[in-house]
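2 protein chains.
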Amino acid sequence: MGKKISASRVTADDVARAAGVSRSVVSRTFTKGASVSAKRRKLVLEAAEKLGYEPNIAARVLAGKASNVVGILTGPLLNPFLADLLDKLSDGLREAGFLPTLFKVDTASDAKSILPLIAQYHMVSTIVMGISPSAQISKFFSGQSQMPIILNLGVLRDVEAANISTDHFKGGMLAAQALLDGGARNPAVVTRQIEAGIYEERAAGFRYVLDQAGVQCTSLQVTEGSYQAGHEAMLRLSKSEKHPDAIFFGNDVMALGGLDALRIDLGLSVPGDVAVVGYDDIPSAALGAYRISTIRQPVRKLASMAVAAIVDFENSGAADLTTSMIAPAYVPRDTI
Amino acid sequence: MGKKISASRVTADDVARAAGVSRSVVSRTFTKGASVSAKRRKLVLEAAEKLGYEPNIAARVLAGKASNVVGILTGPLLNPFLADLLDKLSDGLREAGFLPTLFKVDTASDAKSILPLIAQYHMVSTIVMGISPSAQISKFFSGQSQMPIILNLGVLRDVEAANISTDHFKGGMLAAQALLDGGARNPAVVTRQIEAGIYEERAAGFRYVLDQAGVQCTSLQVTEGSYQAGHEAMLRLSKSEKHPDAIFFGNDVMALGGLDALRIDLGLSVPGDVAVVGYDDIPSAALGAYRISTIRQPVRKLASMAVAAIVDFENSGAADLTTSMIAPAYVPRDTI
DNA sequence: CTGAAAGCGCTAACAT
DNA sequence: ATGTTAGCGCTTTCAG
């Protein structure tokens, strides 16, 4: 019990000695674009292989090479949309040669305590997603020599960072149009209250199209984006004076809860009695028993743009703090 | 466009100068358990605060301090169970002062290419989860001076690593017992074929209890653990000679697909005509339209034990390569 | 308790 | 193309 693990590490000097060359040659061998004769390179590679040498990143970074680690400050991974985004992000980052390190927090206020930590690691970039970037975070960014990226948090005016996001206003518009096309006369929208205005943007786009069409809209705001919250919101909505015949849920998880309330608790038919649209297009939205019509976020595009921004930053040395809004798409299924 | 970001960093020397002390004092101030007079400590802290100093981790590690980064080699995060596990793991790791960095791969063979990368970072530990630890990975571990942890991959004989897992055999037993208690006469099990034997362990436990009870069991193996796979498996099962009246799906996602096949495609009632048990207890299993009876994996426990193992390793300097199997629990819902 | 000095392993001029 | 040298920012003896 308690197996001792060999702690000795093989250094470039060891390899140099074994290969009968200087340390520089070893370093160059492992630096792409450096000049080493084929003969010595082979010598070094063989020695390295035999000794099991791997360059020490800490030393490399300290010696002035850019670190290739990018921080990901994310909200709860129980959120299927975030998990998906993280998945795509790690793929993209890895392909581009970056190493994602995770700072997961449950609330925006948790994030504060993590900021100093992030600073210590001299990341190339840190990507913020799934939590509202408070003033605190914004201020932190402006003091760092790294590329700050805010991912999918909608329109943000006060943050100095590259802002890459789904166009949530547009998403809301698509939802409204779909519902209208489906014959909605009395729509409602349930949004979630969070610092970042993404749910509000969705709702605003929704109402905008409705206004244009001269249709009134009921709004309901809940504090969580959960199944429970969607369920309760639906029940509450059904008790209001004007029974809505079409509901736009701010995300799919809430739509799931709302649908169950509608069909199981209220005994209504969807889309017969009430039409429903969700948002995100998480896997559960496609489940046979739900098949929720929803607004699909461009996860892959979001991820690849974030990676591209970091690559650009490395090449140019300057952060391009542009805002990019990517249009989502309507996915028709069986709830409209 | 293209905002230049200030690249200058504040070093311990800067702080020392500003505080009128030597660099050593600054270092000690930031090393817990070092001796610095209250007066100078205050001086240093103030100067550090004013200049926005954060110790450079790369330098610290290079100078001999243990790195606090632990690698997580994980399978696809689209797997809700893995996402959940990762979520809990990052929380635990952070509380214990570790920094999780992510190596996400889609298949076990992808993992090979990542191994050298992991070596470069001199992690304290790396945790493998959601992919089958091939011989390649095993061999890699044995050469490293870090704590290797295999998380939730079942019984593994050939790997030199701490093995922390749900007791999948036990899980299978629970599933069988539940189905038997529900009156199953003609059960079936659908497992997934992967290198690591976890699905096979579940099925083995399942069959073991059935054998004891003198009940025959149909087995079906699929290549993916997806909704689609579960759906197709169910359809196939229904066409076989002996129509099963109880199905154990190797995971909840497959159970979801199977349930839809049962109710929507086959027009059968669950649990009236056929009983179903899943495995994992992912959020979707609890959805109103499904409410799958399932075997819940001890995610929190899994995560905390992994963290504890790393903490132990840091304290003792020796890796405790014990195998720990944690019992899952049966969660009765509406499909039995 | 404090400061001086010696590295940790690597890269990047700088001379060959 | 190669070797030599000087750091990167920090921790840690070692004297004082």
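From first to last, the protein sequence lines stand for chains R and V. According to the working numbering, the first sequence is numbered sequentially starting from 1. According to the working numbering, the second sequence is numbered sequentially starting from 1001. C-beta atoms are modelled at their ideal positions from N, C-alpha and C, and glycine is treated no differently. Just so we're clear, the structure is a prediction, and the values are computed from it rather than from any experiment.
With a CB to CB cut of under 6 Å and the five nearest residues on each side skipped, what residues in its chain are close to residue i?
i	result
residue 41 of chain R	29
residue 1206 of chain V	1172, 1175, 1176, 1189, 1248
residue 1340 of chain V	One cannot answer for residue 1340 of chain V here, as it falls past the ends of chain V, which runs 1001 to 1336.
residue 1026 of chain V	1012, 1015, 1016, 1044
residue 1334 of chain V	1291
residue 1238 of chain V	1266
With a 10 Å radius around its C-beta and 16 neighbouring C-beta atoms as the bar for buried, classify residue i as buried or exposed.
i	result
residue 1310 of chain V	buried
residue 1074 of chain V	buried
residue 142 of chain R	exposed
residue 265 of chain R	exposed
residue 280 of chain R	buried
residue 1060 of chain V	buried
residue 315 of chain R	exposed
residue 236 of chain R	exposed
residue 92 of chain R	buried
residue 2 of chain R	With a pLDDT of 41 at residue 2 of chain R, under the threshold of 50, the predicted position of this residue should be treated as unreliable, though the coordinate-derived value follows. Flag for residue 2 of chain R reads exposed.
residue 7 of chain R	Because residue 7 of chain R sits at a pLDDT of 42, beneath the cut-off of 50, its placement in the model cannot be relied upon, and the point is left open.
residue 1146 of chain V	buried
residue 1158 of chain V	exposed
residue 267 of chain R	exposed
residue 1185 of chain V	exposed
residue 1223 of chain V	exposed
residue 1033 of chain V	exposed
Note down, in chain order, each residue of its chain lying with its Cβ closer than 8 Å to the Cβ of residue i, except the 5 sequence neighbours on either side.
i	result
residue 76 of chain R	82, 104, 106, 130
residue 1299 of chain V	1081, 1084, 1085, 1088
residue 20 of chain R	43
residue 332 of chain R	178, 293
residue 121 of chain R	67, 69, 71, 101
residue 312 of chain R	320
residue 99 of chain R	68, 69, 70, 93
residue 1269 of chain V	1263
residue 1329 of chain V	1174, 1295, 1296, 1298
residue 256 of chain R	227, 230, 278, 284, 285, 290, 292
residue 46 of chain R	19
Apart from the five residues on each side of it in sequence, which residues of its chain come closer than 7 Å, Cβ to Cβ, to residue i?
i	result
residue 1283 of chain V	1080
residue 1051 of chain V	1010, 1014, 1015, 1018
residue 1260 of chain V	1231
residue 4 of chain R	Residue confidence is low: residue 4 of chain R scores 41 on pLDDT, short of 50, so the model does not pin down where it sits. No coordinate-derived value is stated.
residue 321 of chain R	160, 161, 162
residue 154 of chain R	165, 168, 196, 197, 198, 201
residue 213 of chain R	180
residue 1304 of chain V	1092
residue 1225 of chain V	1192, 1250, 1251, 1253, 1254
Note the first and the last residue of the continuous beta strand (DSSP E) segment covering residue i.
i	result
residue 100 of chain R	99-104
residue 258 of chain R	That residue, residue 258 of chain R, is in no beta strand (DSSP E); its alpha helix (DSSP H) goes 252-260.
residue 275 of chain R	275-280
residue 324 of chain R	323-326
residue 125 of chain R	125-129
residue 1074 of chain V	1069-1074
residue 1294 of chain V	1294-1296
residue 331 of chain R	329-331
Could you spell out the range, first to last residue, of the alpha helix (DSSP H) harbouring residue i?
i	result
residue 334 of chain R	Neither: residue 334 of chain R is in no alpha helix (DSSP H) and is coded neither H nor E.
residue 115 of chain R	108-120
residue 1312 of chain V	1299-1316
residue 1015 of chain V	1012-1019
Margin query: Ignoring anything shorter than 4 residues, give me the alpha helix (DSSP H) runs that lie fully in the region 216-245 of chain R, in order along the chain.
Written below: 227-239
Checklist line | Proximal residues, the region 1074-1105 of chain V versus chain R, C-beta separation under 8 Å | finding: 1076, 1077, 1078, 1080, 1083, 1084, 1086, 1087, 1090, 1091, 1094, 1099, 1100, 1101, 1102, 1103, 1104
Checklist line | Any alpha helix (DSSP H) of 4 or more consecutive residues that is wholly inside the region 1137-1212 of chain V | finding: 1168-1181, 1198-1212
Item checked: Chain-ordered residues of the region 1118-1142 of chain V with a beta carbon less than 7 Å from chain R -> 1119, 1120, 1121, 1122
Check: Got a sec: which bits of the region 1054-1065 of chain V sit with their beta carbon under 7 Å from any beta carbon on chain R, in order along the chain?
Finding: 1054, 1055, 1056, 1057, 1058, 1059, 1061, 1062
Margin query: Counting only Cβ-Cβ distances shorter than 9 Å, please list the residues of the region 1270-1299 of chain V near chain R, keeping chain order.
Written below: 1283, 1284, 1286, 1287, 1288, 1289, 1290
Next item on the list: Would you list, in chain order, the members of the region 1234-1265 of chain V that have their beta-carbon closer than 9 Å to a beta-carbon of chain R?
Entry: 1253, 1256, 1257, 1259, 1260, 1261, 1263, 1264, 1265
Next item on the list: Counting only runs of 3+ residues fully inside the region 30-95 of chain R, write out the beta strand (DSSP E) ranges in chain order.
Entry: 69-74
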